[in-house]
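Some notes on the structure that comes next.
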Amino acid sequence: MWAMALRDELKKRGPFDSIEQEVGLSIMRTSDLIENRIARLLREHGLTMSQYNVLRILRGEGKPMPCLEVADRMIQVAPAITRVVDQLLKAKLIVKTQSESDRRVFLIDLTPAAKRTLKAVDGPLLDLHAALMANVPKKSLKLLIEILDQTRDGIGE
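Mapping to our numbering: the sequence shown position 108 is 102, numbers consecutive.
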């Protein structure tokens, strides 16, 4: 099967201005396609990408965390972590408590309902990741990870 070139996908008449521009646009286009598929799956479980991201971080930590620390670990920068936390509280997927050591800090943690939701998402999400990358050999995926790591290192904050 012949892969569709980005230029054709975007219906771009002429060449890109630079290889770096083509790479940047290709990353953005691919990211958008992947995010849309993942968002669709998460919607089936009543979650947004940001909500899932918060729940994933909390599960990985295994204990209550300060809201701001969760925000720092997010894959995508959430413009308003407070809004996401409020949505998760309303959905009864997290609990929020005041830190005993610092009353200015609020800790959030998963509820049993959140753990069930994450468990229900795990299998389908792994399957989706596998399906999305099915056309790419494992060796190429490892190289892609290295290249993307190098790219992020060069970008910084």
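Don't be surprised by glycine CBs; every beta carbon is placed ideally from N, CA and C. Since the structure is predicted, the reported quantities are computational estimates derived from the model, not experimental observations.
Closer than 7 Å by C-beta to Lys136: which residues in its own chain qualify, once you throw out the five before and the five after it? Chain order, please.
For the purposes of this step, residue 136 is taken as residue 142 along the sequence shown, with counting starting at 1. None.
What does DSSP give as the partner residues of Gln92 in its beta bridges?
To locate residue 92, count along the sequence shown from 1; it is residue 98. Phe100.
What is the residue span of the alpha helix (DSSP H) that Gly150 lies within?
In the sequence shown, counting from the first residue as 1, residue 150 sits at position 156. No alpha helix (DSSP H) contains Gly150, which DSSP labels as neither H nor E.
Compute the minimum distance between the beta carbon of Pro60 and the heavy atoms of the ligand COA, and state whether it is under 6 Å.
The ligand COA is not among the ligands present in this structure, which contains no ligands whatsoever.
Spatial distance of Gly148 from Gly40 (CA atoms):
By 1-based counting over the sequence shown, the position of residue 148 is 154. By 1-based counting over the sequence shown, the position of residue 40 is 46. Distance between the alpha carbons of Gly148 and Gly40: 36 Å.
Asn47 lies in the alpha helix (DSSP H); which residues open and close that run?
Locating residue 47 in the sequence shown gives position 53, counting from the first residue. Counting along the chain, the alpha helix (DSSP H) containing Asn47 begins and ends at Met43 to Glu55.
Keeping to the same chain, check which residues put their C-beta closer than 7 Å to that of Val78; ignore five residues upstream and five downstream.
Your numbering for residue 78 matches position 84 in the sequence shown. If we look at Val78 and ignore the five residues flanking it on each side, its Cβ neighbours are Ser44, Gln45, Val48 and Ala72.
Pop quiz: Leu62 and Ile88 are said to be a contact at Cβ under 8 Å. What is the actual Cβ separation, rounded to whole angstroms?
Position 68 of the sequence shown, counted from the first residue, corresponds to residue 62. Position 94 of the sequence shown, counted from the first residue, corresponds to residue 88. Contact flag wrong, Cβ pair sits at about 15 Å.
Report the three-state DSSP secondary structure of Ala125 (helix, strand or coil).
Sequence index remark: in the sequence shown, residue 125 carries index 131 (1-based). Helix, per DSSP.
Do you know offhand how far Arg1's Cα is from Phe10's?
If you number the sequence shown from 1, residue 1 lands on position 7. If you number the sequence shown from 1, residue 10 lands on position 16. Taking the straight line joining both Cα atoms gives about 8 Å.
Determine the direct distance from the alpha carbon of Ser93 to that of Asp121, and round the result to whole angstroms.
For the purposes of this step, residue 121 is taken as the residue at position 127 of the sequence shown. For the purposes of this step, residue 93 is taken as the residue at position 99 of the sequence shown. Cα to Cα, the separation comes out at about 38 Å.
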